[in-house]
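Structure first, then comments.
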Amino acid sequence: MDDNGSLAYGVLWDIFNNVNGQLQFAETKNAALLTLNLAVVLGIGAILAGNDVGSSEIRGWLFITATGVAGAGLVSLLSFLPHIGPTIYVEAAMPGPTNRNLVFFADLAKTGPVELLEAVFASTGTPAVQQNRLHESLAHQIIVNSGIASKKFAWFRTAVVATVMCAAIPAFVLSAVWIGNGGAFK
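Position one of the sequence shown corresponds to residue 0 (numbering that gives the first Met the number 0), numbered consecutively onward.
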């Protein structure tokens, strides 16, 4: 491989490392949220196991909160399912703007290897004729990993919304019940 081919390979490798960094970040965020959800469920479980809460309204809403947060934790846990099996074949770019950010993983997930390689070779001043199987394989893997990272961030977003909703709604309902009962639970 000549200097220009090596330069193109270096650019692809940098993009690949960036995508893998985003993939690791998504997994870290999901692990942190899963840990938080588990702690909340265990804390609520400890409260419900004791006799400190006498109101059936509070006990019911704590149970609902724990169930919802556990469900959100399950969504977060699902993001850790590995991608195994045959490699996803990425054929061409999805319809959309041609001015995608070819460093941002969410845009890369919608890009085809051909579009990515054309941009890399154009940026390095390398004729596309010099691309080889290694360039194509690395571009393909960048696209696949970008899609996986995008899915992990989508799972995280869903789990965060579920966690917040499952914690906030019971708090509002219990506050309304408390105010409605004149500052007490019955």
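Heads up, the beta-carbon is just placed ideally off N, CA and C, and yes, glycines get one too.
Whole alpha helix (DSSP H) elements within the region 101 to 176, 4-residue minimum: 104 to 107 and 112 to 123
Could you tell me whether the Cβ atoms of serine 5 and leucine 32 are closer together than 8 Å? no
Going by Cα to Cα distance, which pick from Pro126, Leu116 and Lys151 is closest to serine 136? Leu116
Burial state of tyrosine 88 (16 or more Cβ within 10 Å): Its pLDDT being 48, under 50, tyrosine 88 is placed unreliably by the model, and the measurement read from it follows with that caveat. Exposed: under 16 other Cβ atoms inside 10 Å.
Straight-line Cα distance separating threonine 123 from glutamine 129: 12 Å
Hey, quick one: how far does the alpha helix (DSSP H) through serine 55 stretch, first residue to last? 55 to 77
For isoleucine 43, which of Val102, Lys28 and Phe62 has the nearest alpha-carbon? Phe62
Of the residues Asp51, Cys165, Phe79 and Phe103, the one placed nearest glycine 20, counting alpha carbons only: Phe103
Note down the Cα distance separating glycine 9 from alanine 170, rounded to an integer number of angstroms. 52 Å
Where leucine 80 sits in the DSSP three-state scheme: coil
In angstroms with no decimal places, state the Cα-to-Cα distance between tryptophan 60 and valine 18. 41 Å
Suppose you measure from the CA of glycine 111 to the CA of aspartate 51; what does that come to, to the nearest Å? 59 Å
Excluding sequence positions up to five away, which residues of its chain have a Cβ less than 7 Å from the Cβ of leucine 47? Arg58, Leu61 and Phe62
Is it true that the CB of threonine 64 sits closer than 8 Å to the CB of alanine 148? no
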